[in-house]
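J.: Here you go, one structure.
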Amino acid sequence: MSGSDARPGRLGAGANAEAGALAGLGLPGPEAGGGAEAAPDPRMVRRRAASVQLRGPSESAGLMDPANQSLADALRITYRLLVLAMIGLGVAYVLSGFQTVAATERGVKVMLGQIDQEDVPPGFVFALPAPLGEVVRVGTGVQNLRVSEFFPNTRSDATADEKSTEELSRTLASFELNPEFDGANLTGDFNLAHTRWSVEYQRQGVRDYIRNLSPADERRFVLTAVRRGVTHASARVSIDELLLDQPDAGRVGVFPSVGVTARELAQEYLDRLGTGIVITSLTRLGTASPPFNLRTNFDAVQTNVAAAQKLIAEADQERFRILADAAGDAAPALLEMIGDYSDAIASGDAQDADGRLAAIDRVLDGGAVVLEDGREVTVGGEAAQVMSRAREYRTSVVGRVRAQLESYTAKLESFKNNPGLLLTNEWADAYGRLLSRGGDLEVLTHPASASVLDLILNRDRDLAVERQSRALEERSNQGLIQDGRELDIRRRTNNFERPRNVNPGN
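Per this note's numbering, the very first residue in the sequence shown carries number -8; after that it's consecutive.
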């Protein structure tokens, strides 16, 4: 059977099968609509299972194959793109664990909620991606903060922070302090003052900072610590010590600088809270000021104190000059020795007084004295000159007396041998010395023809002036007249050596 014959047979068999199937469902077959052949008796028809065999593609199947292929290709491409995207996301997720820590930062590596590495240095660092891990970065650069809580409320003046204390004092000269709105420092002597401070701090304890402090609360914690430190430090000093930043004359012990003490107390507070913050600098902005309405009075006191200190310094310089002129470098030690000698006399200890007087004489005679710095010095100045002249005078007196003694001894021997000759020689010597006096001798010639001579004697005024000038010149050459300092020293000595316990009414 050829292929052309087979196709109708197969189609006929298919039609019969279709009709049998419809008959089994109680529906009329395709020939029931008026064919000449009557329907067979169902009881006489042998039934078998229906089957359909498609030996080749139909026209509709041929049309559906390209669409299915396109859909399959699209699904396959989409799947591959989805896989690539998931791989990319996975790689990006892993690479997100690489982070950079800047030069002004420190990091802490966290893994599964626990700190894995502390103080991560600057550079690239890897940690498990979030939420498995992360690198928490904390800036360690210097942070600045101004503290104006101890100053009057100047919010109405936008440029108040840029003005100096002196400028604000002129602006607020009539200002009245209101404790409800205005700040001030309370000092240890119960006075008020105003200060402004500049704070520099760093986040150095990164672990403590991350665990115990929120970045939003950082400045508030630092401000609280500084306010607490300044309050306690101001209460340890007086108003003058706070204004001048130097100890009072009557202070006992070490002077606690307000800035240093406040920084130590503020740092202690931050360390106790475990903030990891270190205050590197706490300096006062400008100068401290008393209440502005009292600043004029404080300035007047400071002016008078400065003037008094200037006078004291000038007096000390004058005292040092006088002592140096009087005894040189040994003057302070010699003055102390003289004071000890006076105390010994006042106490009635004669033996101690004699010993101290001997020590003074030894120094005046050129002996060395040891100063507090270990130097050995000798007396100088006017005292040294007076002692030198005294030694010269002593030598001259001894020599003159010795010469007189030798002359007396020789004349005594001559008198014993020939008294008349000794008297003649002595008279001639005295007469010769009288005539050799020069200007002190006036010779009057007696006229030979005069029988009566009346003498009316009076000194020649010109000659007297000449003699006085010559005498003063000789005394000046001998060093008996100084350039006015001798008289000044005598006057001062008389003032210092007034008798003690003298009743001015007697």
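We treat Cβ as the ideally placed atom computed from N, Cα and C, and that holds for glycine.
Might you give, ordered along the chain, the residues of its own chain that have their beta carbon closer than 8 Å to the beta carbon of V126, omitting 5 neighbours on each side?
T.: If we look at V126 and ignore the five residues flanking it on each side, its Cβ neighbours are Q90, V92, G98, V99, K100, V101, V111, V116, A118.
J.: Bridge partners of L75, per DSSP?
T.: Beta-bridge pairing links L75 to no other residue.
J.: Please go through the same chain and pick out, in chain order, the residues whose beta-carbon is closer than 6 Å to the beta-carbon of Q258, but skip the five residues on each side of it.
T.: Counting only Cβ-Cβ distances below 6 Å, and skipping sequence neighbours, we find I270.
J.: Taking A500 as the reference, give the member of G339, V354, I303 with the closest Cα.
T.: Outside the modelled stretch of the chain, which goes from -8 to 497, sits residue 500, for which no answer is possible.
J.: Helix, strand or coil for E383, going by three-state DSSP, please let me know.
T.: Looking at E383 - three-state DSSP - the assignment turns out to be helix.
J.: For A306, collect the residues of the same chain with a Cβ closer than 8 Å to its Cβ; drop the 5 residues on either side in sequence, then sort them by chain order.
T.: Result list for A306: empty, nothing under 8 Å.
J.: Just to confirm the assignment, what range does the alpha helix (DSSP H) spanning G411 have?
T.: First-last of the alpha helix (DSSP H) with G411: 410 to 426.
J.: Is it buried or exposed for N408, if we count other Cβ within 10 angstroms and need 16 for buried?
T.: The residue in question, N408, is exposed, as its Cβ has fewer than 16 Cβ neighbours within 10 Å.
J.: So within the region 338 to 400, which uninterrupted beta strand (DSSP E) runs reach at least 3 residues, ignoring any that extend past its ends?
T.: Whole beta strand (DSSP E) segments, 3+ residues: zero.
J.: Could you tell me the distance, in whole angstroms, from the CA atom of A175 to the CA atom of E96?
T.: Taking the straight line joining both Cα atoms gives about 37 Å.
J.: Assuming the contact rule is C-beta atoms closer than 8 Å, D199 and G267 should be a hit. Round their C-beta distance to whole Å, please.
T.: Sure, about 4 Å apart at Cβ, within 8 Å.
J.: Kindly give me the distance between the Cβ atoms of R254 and L285, rounded to whole angstroms, as I take these residues to be in contact under 8 Å.
T.: 28 Å between Cβ atoms; not a contact.
J.: Using DSSP bridges, identify the partner residues of A184.
T.: Its beta-bridge partners are N176.
J.: What number of angstroms, rounded off, separates the C-alpha of P281 from the C-alpha of M378?
T.: Those two C-alpha atoms are separated by around 58 Å.
J.: Suppose contacts are defined by Cβ-Cβ distances below 8 Å. Is T178 in contact with S225 by that definition?
T.: Yes. Within cutoff.
J.: Helix, strand or coil for E232 per DSSP?
T.: E232: helix per DSSP, three-state reduction.
J.: Using only the alpha-carbon positions, how far apart do D345 and M328 sit?
T.: If you take the alpha carbons of D345 and M328, they lie about 12 Å apart.
J.: Going by the CB atoms, is the gap between R218 and V138 shorter than 8 Å?
T.: Yes, the Cβ-Cβ distance between V138 and R218 is below 8 Å.
J.: Quick one: what's I270 bridged to in DSSP?
T.: Per DSSP, Y192.
J.: Mapping DSSP to helix, strand and coil, what is T95?
T.: Of the three classes helix, strand and coil, the one that applies to T95 here is coil, per DSSP.
J.: Which residues does DSSP list as the beta-bridge partners of G114?
T.: According to DSSP, G114 bridges with V92.
J.: From R263 to V251, what distance separates their C-alpha atoms?
T.: Near 18 Å, if we compare the C-alpha coordinates of V251 and R263.
J.: Taking the beta strand (DSSP E) that R137 belongs to, which residues open and close that run?
T.: Run containing R137: 134 to 138, per the beta strand (DSSP E) assignment.
J.: Checking 8 Å against the spacing of the C-beta atoms, do D364 and R347 come in under that value?
T.: Contact flag unset, no.
J.: Among R71, F142, L214, which one has its Cα closest to the Cα of N135?
T.: The option with the nearest alpha carbon to N135 is L214.
J.: Which residues mark the beginning and the end of the alpha helix (DSSP H) in which T294 is found?
T.: Taken as a continuous stretch (DSSP letters only), the alpha helix (DSSP H) holding T294 covers 286 to 318.
J.: Name the two residues that bound the continuous alpha helix (DSSP H) containing F212.
T.: Per DSSP, F212 belongs to the alpha helix (DSSP H) from 209 to 225.
J.: On the CB-based measure, 16 or more other CB atoms within 10 Å of its CB, does D231 come out buried or exposed?
T.: Buried, by the Cβ-count rule.
J.: Measure the alpha-carbon distance for A317 versus V368 and round it to whole angstroms.
T.: If you take the alpha carbons of A317 and V368, they lie about 14 Å apart.
J.: Assuming K402 and L413 form a contact by the criterion Cβ under 8 Å, report the distance between their Cβ atoms to the nearest whole angstrom.
T.: Right, their Cβ atoms sit about 6 Å apart.
J.: According to DSSP, R275 sits in a beta bridge with which residue or residues?
T.: DSSP output for R275 lists W188 as bridge partner(s).
J.: Between the alpha carbons of G357 and T386, how many angstroms are there, rounded?
T.: G357 and T386: Cα-Cα distance of roughly 17 Å.
J.: Going along the chain, which residues of its own chain have a beta-carbon closer than 8 Å to the beta-carbon of H185, five neighbours each way excluded?
T.: Counting only Cβ-Cβ distances below 8 Å, and skipping sequence neighbours, we find F141, F142, P143, T156, G174, A175, N176, A279, S280, P281, P282, F283.
J.: Based on Cα-Cα distance, which residue from L204, A94, L314, L302 lies nearest to G114?
T.: Looking at the Cα atoms, A94 is the closest of the given residues.
J.: A335 and V360: beta carbons closer than 8 Å?
T.: No. Outside cutoff.
J.: Have a look at I313 and V370 and give me their C-alpha separation to the nearest angstrom.
T.: Rounded to whole angstroms, I313 to V370 spans 14 Å at the Cα level.
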